[in-house]
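Below is one structure, written out as structure tokens, with a few remarks after it.
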Amino acid sequence: MAKDALDNDAILNEDQYNVFVNDDFVGEKTLKNPGENLSDVDDFIKMQGISDFTTKLDGNRYTIEADSNVEDIKDTLDVYFKNR
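For the sequence shown, the working numbering assigns the number 494 to the initial residue and increments by one for each residue that follows.
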């Protein structure tokens with residue numbers, strides 16, 4: 494198989510997730526590199542001092558559930574997705 498074909502296959506094999514805070518869509522997370530994980534989103538939120546949330550994965554839907562700090566989490570993720 495030619496190198497170009499391998500590169501195209503790699504692009505098709507990226508994992509992409511729709512990220513929600515409660516029921517509100519906030520962005521898409523694509524795992525492009527072998528070292529990337531979906532938990533990178535959680536880690537970024539925690540680095541901002543927010544830890545009162547849970548997460549669940551259902552297919553390609555990644556939901557961050559929170560009762561408090563909801564707007565702070567959304568604002569944090571807005572920054573996260575704009576910088577990616």
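Every residue, glycine too, gets a C-beta built ideally from N, C-alpha and C.
Please read these numbers as outputs of a predicted model, since none were measured by experiment.
Can you tell me which of the three DSSP states residue i falls into?
{"i": "isoleucine 557", "result": "strand"}
{"i": "lysine 539", "result": "helix"}
{"i": "aspartate 517", "result": "strand"}
{"i": "aspartate 545", "result": "coil"}
{"i": "glutamate 507", "result": "coil"}
Over what stretch of residues does the alpha helix (DSSP H) that includes residue i continue unbroken?
{"i": "glutamate 564", "result": "563–575"}
Using the rule of at least 16 other Cβ atoms within 10 Å of the residue's Cβ for burial, across every protein chain shown, is residue i buried or exposed?
{"i": "leucine 550", "result": "exposed"}
{"i": "threonine 547", "result": "exposed"}
{"i": "lysine 522", "result": "buried"}
{"i": "valine 572", "result": "exposed"}
Residues in the same chain with beta-carbon distance under 6 Å from residue i, minus the five sequence neighbours each way, listed in chain order, please.
{"i": "glutamate 564", "result": "none"}
{"i": "aspartate 533", "result": "none"}
{"i": "glutamate 529", "result": "none"}
{"i": "phenylalanine 574", "result": "Gly520"}
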